[in-house]
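*Asks:* In UniProt numbering, the protein residues as written are 1 to 392. For reference, the structure I am asking about is given below.
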């Protein structure tokens with residue numbers, strides 16, 4: 001029987017996530033292309049055109065989550081490839097808000113299918129190091145954003161080439177991940193391995209701890225991705241090249257996630273989340289009062305904060321609520337992206353009617369709420385763990 005090549009599957013997964021992440025950076029650069037100084041869309045209109053990247057992602061994850069168990073990881077992965085390919089071609093052909101909306105929807109569905117299939121695959125391949133390996137996998141979300149931001153800067157700002165060529169560079173990692181996945185044997189999900197029934201999986205979604213984590217995911221994702229997705233408009237009066245700030249933020253995030261193992265060991269997931277909320281709040285607040293070179297210092301604090309949010313939220317659920325299965329991870333990711341789809345047009349409206357500093361101040365309310373929520377989670381998990389030790 002053909003064995004599973006974990007290293008090749010993990011590498012292919014990372015390449016797929018690079019495609020997902022590059023679309024975020026490239027879309028951020030497209031804001032100026034389609035904005036008031038380009039095609040002529042308002043910032044609020046662009047916010048609506050970009051929302052399918054997030055609710056399309058949510059739709060794909062909610063639908064794809066249960067299908068990963070029934071259809072298998074392999075089929076959902078190839079569906080992600082097809083959606084990505086269509087979305088990239090459609091983006092290159094986009095000329096107005098409607099075509100940009102449709103293109104973004106296909107890209108969003110592709111991105112959602114990547115997360116729906118590959119998060120549970122990694123959790124099932126590395127059952128003893130779930131949070132650590134999910135953090136390593138998610139190195140390539142900020143890593144891919146760095147790549148995408150630098151590609152956008154080089155292709156358009158330095159070389160003066162068209163935005164269509166910038167979007168076309170997405171075909172490179174897309175083809176690479178297709179080749180790496182081709183002909184490979186995929187594992188079954190952890191829920192299937194554990195023999196947990198579909199009925200029990202759905203019942204576990206009513207667990208109060210899971211519901212609490214879903215609510216927190218709405219706020220963590222909006223804090224991170226709502227800010228970085230609109231970086232061009234938020235920082236255009238503070239620094240000369242906001243895309244370089246985006247690359248800087250995500251470079252720090254990639255390094256942090258690469259060495260997440262040591263931090264996880266010391267803080268545990270709940271401690272990491274509280275740490276992240278505190279630094280995210282301070283970073284957003286600093287971004288409202290800095291300009292020039294000091295913007296990078298504020299961005300560094302923000303980056304340290306958001307580094308561990310997404311993978312640790314997923315890792316927490318995979319580690320402490322494994323009975324929720326692939327669907328649980330999909331609901332978490334879907335909730336996160338859904339919140340961003342709500343936040344983007346609201347931020348656009350704030351920026352159209354007020355200024356970027358006001359939008360950032362409003363965004364800082366989210367991590368402030370999370371500080372309170374994660375303090376409670378930290379105390380709860382500490383008490384729960386001590387009770388388990390006493391019983392043993």
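From the three backbone atoms N, C-alpha and C, an ideal C-beta is built for every residue, glycine too.
1) Could you check how far apart the C-beta atoms of residue 250 and residue 145 are, in whole angstroms? I think they sit under 8 Å.
2) Rounded to a whole number of angstroms, what is the C-alpha to C-alpha distance between residue 333 and residue 342?
3) Quick check: the stretch 106-120 against the stretch 63-80, are at least 3 beta-carbon pairs closer than 8 Å?
4) What are the boundary residues of the alpha helix (DSSP H) that residue 323 is part of?
5) Could you give the residue range of the alpha helix (DSSP H) that holds residue 43?
6) Tell me, to the nearest whole angstrom, how far the beta carbon of residue 229 is from that of residue 50; I am working on the premise that it is less than 8 Å.
7) Return the chain-ordered ranges of every alpha helix (DSSP H) run that is complete within the stretch 69-146 and spans a minimum of 4 residues.
8) What distance in whole Å lies between the Cβ atoms of residue 317 and residue 210, which are believed to be in contact at a cut-off of 8 Å?
9) Closest to residue 5 by C-alpha separation, out of 126, 71 and 22, would be which residue?
10) Tell me whether the stretch 268-283 and the stretch 300-319 touch, counting them as touching only if at least three CB pairs, one residue from each stretch, are closer than 8 Å.
11) With three or more beta-carbon pairs closer than 8 Å as the criterion, would you say the stretch 352-361 touches the stretch 70-84?
12) Cα separation between residue 219 and residue 275?
13) For residue 401, which option in 174, 142 and 380 has the closest C-alpha, if you only look at C-alpha atoms?
14) Does the stretch 87-105 come within contact of the stretch 153-172, defined as at least 3 CB pairs closer than 8 Å?
15) Take residue 18 as the anchor and find which of 97, 154 and 84 has the nearest alpha-carbon.
16) Does residue 206 come out as helix, strand or coil in the three-state DSSP assignment?
17) Could you tell me which uninterrupted alpha helix (DSSP H) segments, each at least 4 residues in length, are contained entirely in the stretch 265-318, listed from first to last along the chain?
18) Alpha carbon to alpha carbon, what distance is there between residue 128 and residue 389?
19) Indicate the three-state DSSP secondary structure (helix, strand or coil) for residue 357 in the structure shown.
20) Which first and last residues belong to the alpha helix (DSSP H) in which residue 22 is found?
21) If you check the beta carbons only, do residue 284 and residue 302 fall under 9 Å apart?
22) Quick one: grab the DSSP three-state call for residue 238.
23) Ends of the alpha helix (DSSP H) at residue 168?
24) Judging by CA-CA distance, which residue of 135, 199 and 154 is the nearest neighbour of residue 255?
25) DSSP state of residue 372, grouped into three classes?
26) To the nearest angstrom, report how far apart residue 150 and residue 299 are at their CA atoms.
27) Report buried or exposed for residue 161, applying the criterion of at least 16 other Cβ atoms within 10 angstroms of its Cβ.
28) What do you reckon, are the CB atoms on residue 277 and residue 338 nearer than 9 Å?
*Replies:* With the structure as the only source:
1) Sure, about 4 Å apart at Cβ, within 8 Å.
2) In a straight line, the C-alpha of residue 333 is about 15 Å away from that of residue 342.
3) Segments in contact, yes.
4) Secondary structure note for residue 323: it is in no alpha helix (DSSP H), with a DSSP letter that is neither H nor E.
5) The continuous alpha helix (DSSP H) containing residue 43 extends over residues 43-50.
6) Under the criterion of beta carbons closer than 8 Å, residue 229 and residue 50 qualify as touching, at roughly 7 Å.
7) Correct list: 73-93, 97-125 and 130-137.
8) Correct: roughly 7 Å between the Cβ atoms.
9) When each option's Cα is compared against that of residue 5, the closest is 126.
10) Touching, yes, given that three or more Cβ pairs across the two stretches are closer than 8 Å.
11) No, the stretch 352-361 does not touch the stretch 70-84.
12) Distance between the alpha carbons of residue 219 and residue 275: 15 Å.
13) Limits of the chain in this structure are 1 at one end and 392 at the other, which puts residue 401 out of reach.
14) Here the stretch 87-105 lies against the stretch 153-172, with 3 or more beta-carbon pairs under 8 Å apart.
15) With distances taken between Cα atoms, residue 18 lies closest to 84.
16) Note: residue 206 maps to coil in three-state DSSP.
17) Listed in chain order, they are 294-306.
18) Residue placement at residue 389 is flagged as unreliable, the pLDDT there being 48, under the threshold of 50; a coordinate-derived value is accordingly withheld.
19) Secondary structure of residue 357 (DSSP, three-state): helix.
20) Element bounds for residue 22: 6-34.
21) Cβ distance < 9 Å, so residue 284 and residue 302 count as in contact.
22) Coil, per DSSP.
23) 163-168 is the extent of the alpha helix (DSSP H) around residue 168.
24) Looking only at 135, 199 and 154, the smallest Cα-Cα distance to residue 255 is reached by 135.
25) Reduced to three states, the DSSP call for residue 372 is helix.
26) Roughly 17 Å between the two C-alpha positions.
27) It is exposed - the Cβ of residue 161 has fewer than 16 other Cβ atoms within 10 Å.
28) Not in contact: residue 277 and residue 338 (Cβ atoms no closer than 9 Å).
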